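Student:
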Amino acid sequence: MSFNIRYGTADDGENSWDFRKDIVFEIIKRFHPDILCLQEVLHFQLEEILSALCEYDMVGIGRDDGKTRGEYAAILFLKNRFDTDTTETFWLSDTPEIPGSKSWGNEITRICTFSRFYDLPSKKCFYTFNVHLDHISQISRERSILLVTDKIRNRKYKDPVVLTGDFNAGENNPAVKFLKGESVEGEVITPNFTSAFTFTDTYREIHPDKNKVGTFNSFEGNQEGDKIDYIFSLGSYEIISADIIRDSYNGRFPSDHFPITTILKLKR
Numbered sequence: 062m063s064f065n066i067r068y069g070t071a072d073d074g075e076n077s078w079d080f081r082k083d084i085v086f087e088i089i090k091r092f093h094p095d096i097l098c099l100q101e102v103l104h105f106q107l108e109e110i111l112s113a114l115c116e117y118d119m120v121g122i123g124r125d126d127g128k129t130r131g132e133y134a135a136i137l138f139l140k141n142r143f144d145t146d147t148t149e150t151f152w153l154s155d156t157p158e159i160p161g162s163k164s165w166g167n168e169i170t171r172i173c174t175f176s177r178f179y180d181l182p183s184k185k186c187f188y189t190f191n192v193h194l195d196h197i198s199q200i201s202r203e204r205s206i207l208l209v210t211d212k213i214r215n216r217k218y219k220d221p222v223v224l225t226g227d228f229n230a231g232e233n234n235p236a237v238k239f240l241k242g243e244s245v246e247g248e249v250i251t252p253n254f255t256s257a258f259t260f261t262d263t264y265r266e267i268h269p270d271k272n273k274v275g276t277f278n279s280f281e282g283n284q285e286g287d288k289i290d291y292i293f294s295l296g297s298y299e300i301i302s303a304d305i306i307r308d309s310y311n312g313r314f315p316s317d318h319f320p321i322t323t324i325l326k327l328k329r
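In terms of my numbering, the numbers along the sequence shown are unbroken and rise by one, the last being 329.
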């Protein structure tokens, strides 16, 4: 599951965190994902989520100081199913190792967190990358994708990869099309750029012709607009299912984004 839960200090009135956090907990409990990638989550929200969902552990750090300040791109996982031996957070900037750094026209610090997981039942390993791209700068989105794919290309073990997050980019955005192996003419990425691999949009693999796939809902359940939240797969996966979760409770939505899910089966 990938879920932008909306940062908990936002002045959202009746949609503020205290009024909807129980709905967030209920959504997670009901779908019970093995891996849960969160965007915009703050440290105190993580503490509340982990307290309510004690079967999960997490990896990730705050984007502002590399510790607990600012939003996380946290990855939660079922601790009785997975071990993790590699975890890293890098900043989407010219200096990805420096906490709080930013470049490329984005006013907000952006990060990617990844971890390598060992699945105890199957004894297989895979990577999960969780990203939150900039909402304004197209140059930043494209350079960020180039940085993320470079990190994936240079990963220590060539295990399969899941790349998930809030991309702030629709399906025709050059940053997204580049991931899918398409030739694009963007602000930075041009047809001269070639990706070392092609990602699969798991939702489109299952729903190739689906309309009304917007994932940003403004707390109103709106299905129009672009699909900007994604779960991509790379490597030997069988895609079993993929969905956009549009559930509400007494007319209240858990976030201004719909959570998205996919079920993947490692082939080897």
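Glycine included, C-beta positions come from ideal geometry on N, C-alpha and C.
Note that this is a predicted model, so its numbers are computed, not measured.
With 16 other CB atoms within 10 Å as the buried threshold, where does Pro-315 fall?
Tutor: Pro-315 is buried by the Cβ-count criterion.
Student: Could you tell me whether the region 141 to 161 touches the region 64 to 73, using the rule of 3 or more Cβ pairs below 8 Å?
Tutor: No, the region 141 to 161 does not touch the region 64 to 73.
Student: Could you give the first and the last residue of the continuous alpha helix (DSSP H) run that contains Ala-303?
Tutor: Taken as a continuous stretch (DSSP letters only), Ala-303 belongs to no alpha helix (DSSP H), being part of the beta strand (DSSP E) at 298 to 305.
Student: Using DSSP's beta-bridge definition, name the partner residues of Glu-87.
Tutor: For Glu-87, which the question treats as bridged, DSSP gives no partner whatsoever.
Student: At what residues does the alpha helix (DSSP H) containing Phe-314 begin and finish?
Tutor: Neither: Phe-314 is in no alpha helix (DSSP H) and is coded neither H nor E.
Student: Do Ser-201 and Gly-166 have their beta-carbon atoms positioned less than 8 Å apart in this structure?
Tutor: Cβ distance < 8 Å, so Gly-166 and Ser-201 count as in contact.
Student: Report the CB separation of Gly-275 from Glu-266 in whole angstroms; it is logged as a contact under 8 Å.
Tutor: Not quite, the Cβ-Cβ distance comes to about 19 Å (not below 8 Å), so this is no contact.
Student: Measure the beta-carbon distance from Phe-187 to Val-222 and round it to whole angstroms, keeping in mind my assumption that it falls under 8 Å.
Tutor: Contact flag correct, Cβ pair sits at about 7 Å.
Student: Here's the rule I'm using: 16 or more other beta-carbon atoms within 10 Å means buried, otherwise exposed. How should Gly-226 be labelled?
Tutor: Looking at its Cβ environment, which holds 16 or more other Cβ atoms inside 10 Å, Gly-226 is buried.
Student: Going by C-alpha distance, which of Trp-78, Glu-87, Phe-92 is nearest Thr-322?
Tutor: Looking at the Cα atoms, Phe-92 is the closest of the given residues.
Student: Mapping the DSSP letters down to three states, classify Asp-79 as helix, strand or coil.
Tutor: Helix.
Student: For Lys-271, write down the residues that DSSP places opposite it in a beta bridge.
Tutor: DSSP lists no partner for Lys-271.
Student: Just verifying my parser: in three-state terms, what is the DSSP assignment at Arg-265?
Tutor: Three-state DSSP puts Arg-265 in a helix.
Student: From Ser-176 to Thr-145, what distance separates their C-alpha atoms?
Tutor: Between Ser-176 and Thr-145, the C-alpha separation is close to 7 Å.
Student: Is Leu-107 near Met-119, with beta carbons less than 8 Å apart?
Tutor: Yes, these two residues count as a Cβ contact at 8 Å.
Student: Please report the straight-line C-alpha distance between Ile-169 and His-193, rounded to a whole angstrom.
Tutor: Roughly 11 Å separates the two Cα atoms.
Student: Starting from Ser-294, follow its DSSP beta bridges and name the residues at the other end.
Tutor: In the DSSP output, where bridge partners are listed per residue, Ser-294 has Val-223, Thr-261.
Student: Helix or strand or just coil, what does DSSP make of Thr-210?
Tutor: Thr-210 falls in the helix class under three-state DSSP.
Student: Do the region 301 to 317 and the region 78 to 92 touch if we need at least three Cβ pairs shorter than 8 Å?
Tutor: As far as the Cβ criterion goes, the region 301 to 317 touches the region 78 to 92, which means the pair count is three or higher.
Student: Rounded to the nearest angstrom, what separates Lys-326 and Ser-302 at their Cα positions?
Tutor: Approximately 10 Å, taken between the alpha carbons.
Student: Below 8 Å on the Cβ atoms is my contact criterion, and I expect Leu-99 with Leu-137 to pass it. Report the Cβ-Cβ distance as a whole number of Å.
Tutor: That belief holds up - the Cβ atoms of Leu-99 and Leu-137 are roughly 7 Å apart, short of 8 Å.
Student: Relative to the C-alpha of Asp-287, which residue among Asn-253, Asn-234, Phe-293 is closest?
Tutor: The shortest Cα separation from Asp-287 among Asn-253, Asn-234, Phe-293 belongs to Asn-234.
Student: Tell me the DSSP secondary structure of Ile-172 in three-state form.
Tutor: Strand, per DSSP.
Student: On a Cα-Cα basis, can you pick out the residue from Asp-290, Asp-125, Ser-297 that is closest to Asp-304?
Tutor: Closest option to Asp-304, Cα to Cα, is Asp-290.
Student: State buried or exposed for Tyr-218, treating a residue as buried only when at least 16 other CB atoms are found within 10 Å of its CB.
Tutor: Under this definition Tyr-218 is an exposed residue.
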